[in-house]
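First comes the structure, then the notes that go with it.
Protein chains: 2
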Amino acid sequence: MPDVFNPWEVKGDIDYDKLIKGFGVELIKDLPDVFNEEVLFRRKFIFAHRGIGRIINAIHYKKPFVMMTGLMPTGKFHIGHMMVAKQMVFYQNLGAKLYIAVADIEAYNARGQSLAESKKNAIEEYILNYIALGLKSENLDLYFQSNRSNHQHKANAYYRLQNVLARHATFNEFKAVYGEITPGKMLAALLQASDMLHPQLKEFEGPIPVIVPVGIDQDPHIRLARDIASKCKEFKFMELCSSYHYFMPGLSGGKMSSSDSTSFIALTDDPDVAAKKIKKYAFSGGRDTVEEHRKHGGNPDIDVSFQYLRYFEDNDKELKKVHDDYKAGKLLSGELKQILIEKMTKFLEDHQKNIEKAKRVVDRYMEVK
Amino acid sequence: MPDVFNPWEVKGDIDYDKLIKGFGVELIKDLPDVFNEEVLFRRKFIFAHRGIGRIINAIHYKKPFVMMTGLMPTGKFHIGHMMVAKQMVFYQNLGAKLYIAVADIEAYNARGQSLAESKKNAIEEYILNYIALGLKSENLDLYFQSNRSNHQHKANAYYRLQNVLARHATFNEFKAVYGEITPGKMLAALLQASDMLHPQLKEFEGPIPVIVPVGIDQDPHIRLARDIASKCKEFKFMELCSSYHYFMPGLSGGKMSSSDSTSFIALTDDPDVAAKKIKKYAFSGGRDTVEEHRKHGGNPDIDVSFQYLRYFEDNDKELKKVHDDYKAGKLLSGELKQILIEKMTKFLEDHQKNIEKAKRVVDRYMEVK
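If you read the protein sequences in the order shown, they are chains V and P.
For what it's worth, this note's numbering labels the leading residue of the first sequence as 33, then goes sequentially.
For what it's worth, this note's numbering labels the leading residue of the second sequence as 33, then goes sequentially.
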């Protein structure tokens, strides 16, 4: 299988050469074994980085480090969201302190969603799913942008940083990253920069390696935060580290979109519904007729069901067999879909039981209830 | 003496007709006696308002109300700053809860002054002088924009409001008020709007009449805060009240400027230094020769020493005698200056003793030390 596997879902928007040569993003090459236990790294879903060496070192020498990420509390939690959720659990298990921001200010300022609605959606859709996927309440700072902390020093420090960073930014920088910008979006952008940088304030961890895992299209946000941080002398920051992953494709091959339920499988979808979606919408890399398929084989590289299997089938040998059988024409598209449906059914059934358990402990995960 | 006395120090910038007819600012007419005990009201230094009736009612019916103001922690505290300081003491004595913001974020973002420097300057120059002028530590919420509160709910609520208000503002509004705008200035402007509005949040006083006393040139800031507040449905606000005062003229007649020590008398100036400044720089409304002065009289309306006396001489009869004698030519410019110098010397001597006392209690005035 090719290293850089499945680029079409970010096609058009991203100039990889520019990112990699112009902006100092590097392809991920050798990683310690502990990383490769995670499918996302082993199969290069996470394919590029800035400064991940500092994180590797911290893990190796058992030094403290932070993994920082955020969630937009709109729409349903779907399999595409698992990309970051699995990294949360991965890094937390390796000793990271996790910072998770619920971007309710961004939802309010950029999408007009009330803070109350964001709170409800964040808990019911995102946080319950994170817990069900293995997030632990220890070594975790999960917060709402609108309500940072039960500790006054932390609350003040987080918003102070947002305000102070503003001095070191220009409108043109925001426009370059966000396109059309409004005051509301600008505040959200600066709060996002504070989200990424504030773990290093003395009121939190102090200077510390921080990794922010994002989709490759999010690199401009990382760059903006790094640039502003480097200009701010009021506080000292270590440079942000980041990793870049591909998006999971939507069922029919385009982008997975929260606003189009035929493009994704939600983690709360009934397994039967998920099965129907796969049968009906999943883009196939098979041939037009069974005869041709048997003769020429299918194309797993563009087959969405196979892409999903790369994610849900942990066993490399099993996956390779499916891949090779499909390519050789031994496996038909419908059969490939059925393999995915079985995997997905098992996953959803187990996961949905875990969600019920998560409901009983979710309070423990949030400092500010 | 004319009602609208001394407009030249804001000349050019302000279109009074537009303010009063176009934007709903009203001239102050009848005020309850309790207001007229204060020279600033009696002599119409404070000459216009929006919605001051709500404050008058609150005072009359002994209902709670808030007086909100801020200070820019740069430069020396001079007699021009007393205009707002005296109103603090006045309203506090009438039962107001006072909110005083140290605009250290604005000083950082708009003037490049470090937060540490702002803290030092705010305490040594402004807060000590406020205390010496009669500010009490009860019924007072004195805070730094960068460090809102020792109560986490209050800290979160104050900055949350800044972020939420942003959605309801446009760049054009900011440009209209502030001219050239940068991200740093915009954040400071939104924090200023939160300064004015946050006393009405449930974490503070809840909806309550709030008066913000400002120089007349500051009305666009009030308007901006009122406009944004009216568009924000996430929180409910009573309309802001405001009062408008003239500036005290600089010694030589123009604007009093913190960056030009020959334009002001600082409250920490040695009385001898103050006397010399008055003799050397105070613009005179006298005639060119003693002979002409005796014959035609001086013009107290443009004489800066007389303007200052209007402020420092509380006794109306005494003031009227000086006014009439000067106008009649009985009093020479040098003699008028000498009257001011005596008043000023007494004031500064007493005040500077009060500053020494204030140093012993200043800690009590700030929640966040």
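For glycine and all other residues, C-beta sits at the position ideal for the given N, C-alpha and C.
Over what stretch of residues does the beta strand (DSSP E) that includes residue i continue unbroken?
i, result
"V:Arg199", "Taken as a continuous stretch (DSSP letters only), V:Arg199 belongs to no beta strand (DSSP E), as it is neither H nor E."
"P:Val71", "Note, P:Val71: premise wrong, no beta strand (DSSP E); alpha helix (DSSP H) at Val71 to Arg74."
"V:Ile78", "Ile78 to Arg82"
"P:Lys359", "Not the beta strand (DSSP E): P:Lys359 falls in the alpha helix (DSSP H), residues Asp348 to Ala360."
"P:Ser150", "Counting along the chain, P:Ser150 falls outside any beta strand (DSSP E), though it belongs to the alpha helix (DSSP H) covering Leu147 to Asn153."
"V:Tyr131", "Lys129 to Val134"
Just confirm the distance between the C-beta atoms of residue i and residue j, as a whole number of angstroms; I'd bet it's less than 8 Å.
i, j, result
"V:Asp136", "V:Ala154", "7 Å"
"V:Pro241", "V:Phe97", "4 Å"
"V:Ala4", "V:Thr377", "No information on residue 4 of chain V is available, as it lies outside the stretch 33 to 401 that chain V covers here."
"V:Ala187", "P:Gln145", "With 8 Å as the limit, V:Ala187 and P:Gln145 do not qualify as a contact, their Cβ atoms being about 23 Å apart."
"P:Thr316", "P:Asp292", "Reading off the sequence, residue 316 of chain P comes out as Ser, not Thr. Not confirmed; about 19 Å, so no contact."
"V:Leu31", "V:Ser226", "Summary: the structure shown does not reach residue 31 of chain V, with chain V confined to residues 33 through 401, and so no result is reported for it."
"P:Ala133", "P:Gly112", "Actually they are not in contact, since the Cβ atoms of P:Ala133 and P:Gly112 sit about 19 Å apart, beyond 8 Å."
"V:Val66", "V:Tyr343", "V:Val66 to V:Tyr343, Cβ: 20 Å. No contact."
Suppose the cutoff is 7 Å on Cβ atoms and the five residues either side in sequence are ignored; what does the same chain contact list for residue i look like?
i, result
"V:Asp357", "Leu363"
"V:Ala142", "Gly216, Lys217 and Ala220"
"V:Glu157", "Lys108 and Phe109"
"V:Tyr131", "Val98, Met100, Asp173 and Pro231"
"V:Lys389", "none"
"P:Lys311", "Lys369"
Could you give the DSSP three-state label for residue i: helix, strand or coil?
i, result
"V:Asn141", "helix"
"V:Pro245", "strand"
"P:Asn179", "strand"
"P:Lys50", "helix"
"P:Asp173", "strand"
"V:Met100", "strand"
"P:Ala314", "coil"
"V:Ser274", "strand"
"V:Leu59", "strand"
"V:Lys308", "helix"
"P:Lys186", "helix"
"V:Lys207", "helix"
"V:Pro239", "coil"
Here's the rule I'm using: 16 or more other beta-carbon atoms within 10 Å means buried, otherwise exposed. How should residue i be labelled?
i, result
"V:Gly366", "exposed"
"V:Tyr397", "buried"
"P:Pro105", "buried"
"V:Gly56", "exposed"
"V:Met33", "At V:Met33, the pLDDT of 32 sits below 50, so the modelled position is not reliable and the matter cannot be decided from this model."
"P:Val322", "exposed"
"P:Glu41", "Any reading at P:Glu41 needs caution, since the residue's pLDDT is 40, under 50, leaving its predicted position unreliable; the model's value is listed next. P:Glu41 should be labelled buried."
"P:Asp301", "buried"
"V:His92", "exposed"
"V:Gly488", "As displayed, chain V neither begins before 33 nor continues past 401, which places residue 488 of chain V out of reach and without an answer."
"V:Glu212", "exposed"
"V:Lys152", "exposed"
"P:Ala208", "exposed"
"P:Arg392", "exposed"
"V:Lys309", "buried"
"V:Ser150", "buried"
Among residues of its own chain, excluding the 5 on either side of residue i, which ones have a beta-carbon nearer than 8 Å to its beta-carbon?
i, result
"V:Ile60", "Phe73, Lys76, Ile78, Phe79, Ala80, His81, Ile84 and Ser275"
"V:Ile254", "Arg82, Met228, Val244, Val246, Leu272 and Ser274"
"V:Val354", "Pro332, Phe338, Leu341, Glu345, Leu363, Leu368 and Ile371"
"V:Val394", "Ile155, Ile159, Leu160 and Ile163"
"V:Asp251", "Leu51, Phe55, Val57, Ser274 and Tyr276"
"V:Gly238", "Gln232"
Tell me which residue opens and which closes the alpha helix (DSSP H) that residue i is part of.
i, result
"V:Tyr93", "Note, V:Tyr93: premise wrong, no alpha helix (DSSP H); not H, not E."
"P:Leu256", "Asp251 to Lys263"
"P:Ser226", "Pro215 to Leu229"
"P:Thr377", "Ser365 to Val393"
"V:Tyr123", "Met114 to Asn125"
"V:Asp65", "Asp65 to Asn68"
"V:Leu341", "Val336 to Phe344"
"V:Leu160", "Leu160 to Ala164"
"V:Arg326", "Val322 to His328"
Could you pull out every residue in the same chain whose Cβ sits closer than 6 Å to the Cβ of residue i, ignoring the five residues on either side in sequence?
i, result
"V:Leu223", "Ile137, Gln177 and Gln194"
"P:Lys129", "Val98 and Asn171"
"V:Gly21", "Any answer about residue 21 of chain V is impossible in this case: the structure gives chain V only from 33 up to 401."
"P:Ser181", "Ala187"
"V:Gln119", "Pro245"
"P:Asn179", "Val400"
"V:Gly166", "Val121"
"P:Gly318", "His325, Gly330 and Ser365"
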